[in-house]
Amino acid sequence: MSTEKKDKWIKYFQGKGDVDTFVRATGSVKNKSYLYDLEGKKTSTKLEHGEPILVKEREEYIIQGPFAHKLFIESSKGNGWLHVDNIDKGIGQRASIRLESNKLIGLGERMIVPMLNGEENVSCRIFKTAEKLAISILHGLENEPSVPDYIVDQVSQLFYDDVVYTQNSLISGNVDFKWNGSVSEIEKNSMGVYLGELLIGYMALVGKTECFSEPDIVKFPIEYFGVPENPAFSGIDSFIQYQDRGKNQDGGKFLISSKAGNKGASPSIWKNIMPYLKPNKLDSNTNATLEKLYNICKNIDGGKITGRKGMQYVYRYGVKEILNYEVGPTTRDGSGKEKAVVNPQDFYNVLKAGKPYPPVYDNIILDAIKIQKSLNSTEFKSASSTAVTTALEKGVGMSSFFCRYISDKLNNEINSLDKMRNTVSGRVVYQAYLNTPKFKKGKIYFTTKKATKASLITTGSKSGATKIDMSNTVNYNLIFEN
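This is the structure:
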């Protein structure tokens with residue numbers, strides 16, 4: 150045990166000079182945060198958890214005598230010696246939390262769900278009780294090196310009113326909690342993102358109707374709360390399986406897309422809409438953008454749409470429908486009766502590699518600039534922006550131009566928007582957003598909305614106008630009326 154204490158000093162304080170940090174006074178060290186005077190005697194001055202302190206530099210670690218395992222600190226309540234267990238790591242030494250929600254579900258029971266959100270045989274982790282979910286979340290946090298102890302303590306206090314817990318501990322069912330002083334605003338935001346989609350299941354299993362703007366989500370007996378093991382699973386983050394809901398809603402499931410914030414993330418139209426469109430409901434005899442995009446996706450994917458080749462879909466549409474070039478295996482200039490031909494993938498690869506471009510691609514970029522400058526700003530609110538013009542002139546704005554153009558076209562076609570909305574609302578029953586401002590004040594509350602009550606708009610490229618290689622191309626948001 151003494152070796153662990155010295156290792157902590159070596160890692161966080163040795164050779165670091167004077168270190169700003171906080172008092173740690175929770176759980177097993179809750180009543181040990183007393184200052185010791187210059188003679189090593191315990192004083193009546195007790196420092197509160199989260200209180201700022203300055204740890205003074207020293208050359209050696211003391212393992213025996215009245216100052217054993219203590220460091221000299223300065224605080225607003227006075228100076229003295231404080232046990233190393235009551236000292237948090239330095240503020241400047243805190244690494245960014247690197248965590249995915251799937252790391253927090255490892256102790257859940259593995260189940261292959263036959264059908265989930267249109268996908269067959271989906272590997273999931275399921276939780277039948279809030280206790281089991283809480284234990285799994287804490288286990289994941291404790292085993293992630295980037296998560297500091299005080300964050301683990303904070304979550305444990307939320308679940309159990311204490312940092313000490315066992316497999317048999319009873320959960321508190323807290324809705325309100327008090328943030329420890331050592332947790333920064335950035336860390337609060339991070340925890341909202343990582344915990345949000347699991348806290349909704351936790352609160353549903355506890356049965357806390359006051360946590361939801363629409364409490365129907367906890368109106369029926371719950372068999373289990375489930376989470377797909379693949380963090381990139383399309384369309385949903387989790388689901389609730391009801392005991393007696395019947396087969397009228399995806400086999401008795403409530404599918405949930407849960408995000409932190411008032412708006413949440415903007416899902417991709419490629420992964421979350423295109424694979425689920427019904428061909429017989431598309432405008433096959435019209436010039437609808439959605440129909441053209443659907444056919445492009447189907448052609449590139451060789452039949453069944455996967456939604457995993459967003460940039461390929463974008464450049465195929467951009468070359469053919471925006472720049473009006475023929476698509477072919479080799480890019481070449483037009484000459485005589487022959488029309489110019491462009492290979493969309495080669496075009497993208499050339500732009501990604503950067504200047505200088507072969508002359509044939511310079512001509513394509515010039516055509517794109519002419520088309521972009523001629524756009525009606527009322528119809529193409531996003532694609533006509535001066536930021537896109539400037540980026541195109543520098544040779545780096547093509548991806549942004551294509552994505553924004555596609556989004557603008559879709560937003561101007563009511564039938565396309567309706568079909569996309571119906572596709573989404575037919576699968577995702579609830580959109581659930583963790584209220585971040587309330588969460589940062591110590592209250593868990595989800596705005597839960599039925600997707601059937603929303604309208605839909607698309608957005609083109611959340612990345613900057615100068616980014617060629619981007620993970621977000623064309624996305625959508627559900628807009629709810631208050």
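Position 342 of the sequence shown, counted from 1, bears residue number 491 in the working numbering, the numbering being contiguous throughout.
Cβ coordinates follow ideal geometry from the N, Cα and C atoms, glycine included.
Just so we're clear, the structure is a prediction, and the values are computed from it rather than from any experiment.
| query | result |
| --- | --- |
| What would DSSP say about Y510, mapped onto helix, strand or coil? | helix |
| Where S407 and I449 are concerned, what is the direct C-alpha to C-alpha distance, given to the nearest angstrom? | 31 Å |
| Could you tell me the distance, in whole angstroms, from the CA atom of S321 to the CA atom of L307? | 8 Å |
| Quick check: the segment 503-518 against the segment 565-575, are there 3 or more CB pairs under 8 Å? | no |
| Go ahead and pull the three-state DSSP assignment for V218. | Residue identity differs from the one stated: residue 218 is His in this sequence, not Val. Coil at H218, not helix or strand. |
| Should P377 go down as buried or exposed, given a rule of 16 or more other Cβ atoms within 10 Å for buried? | buried |
| What span of residues does the beta strand (DSSP E) with C273 cover, start to end? | E268 to F276 |
| Would you mind reading off the limits of the beta strand (DSSP E) that contains D386? | Here D386 belongs to no beta strand (DSSP E), and DSSP marks it neither H nor E. |
| Leaving out five residues before and five after G413 in sequence, what residues of the same chain have Cβ atoms less than 6 Å from its Cβ? | Residue confidence is low: G413 scores 49 on pLDDT, short of 50, so the model does not pin down where it sits. No coordinate-derived value is stated. |
| Between I445 and I422, what straight-line distance do the alpha-carbon atoms span, to the nearest angstrom? | 14 Å |
| What does a CB cutoff of less than 6 Å around R481 pick up in its chain, not counting 5 residues either side in sequence? | V490 |
| According to DSSP, simplified to helix, strand and coil, what is K481? | Residue identity check: residue 481 is Arg in the sequence provided, not Lys. Residue state, collapsed to three classes: strand. |
| DSSP state of D186, grouped into three classes? | coil |
| Which whole-angstrom value describes the C-beta separation of T601 and S362, a residue pair presumed to lie in contact below a C-beta threshold of 8 Å? | So it is not a contact: roughly 16 Å between Cβ atoms. |
| DSSP state of K139, grouped into three classes? | Here the chain has residues from 150 to 631 only, and residue 139 is not among them. |
| Going by DSSP, what residue range makes up the alpha helix (DSSP H) through H198? | From DSSP, H198 is part of no alpha helix (DSSP H); its letter is neither H nor E. |
| Output needed for L187: all residues of its chain with C-beta closer than 6 Å, excluding positions within five of it in sequence on either side, in chain order. | none |
| Excluding the 5 residues preceding and the 5 following E562 in the sequence, name in chain order all residues of the same chain whose CB lies nearer than 8 Å to its CB. | A437, T438 and L439 |
| Which term fits M460, buried or exposed, when burial requires 16 or more other beta carbons within 10 angstroms of its beta carbon? | buried |
| Please classify E153 as buried or exposed, where buried requires at least 16 neighbouring CB atoms within 10 angstroms. | exposed |
| Since S387 contacts F374 with CB under 8 Å, what's their CB separation in whole angstroms? | 7 Å |
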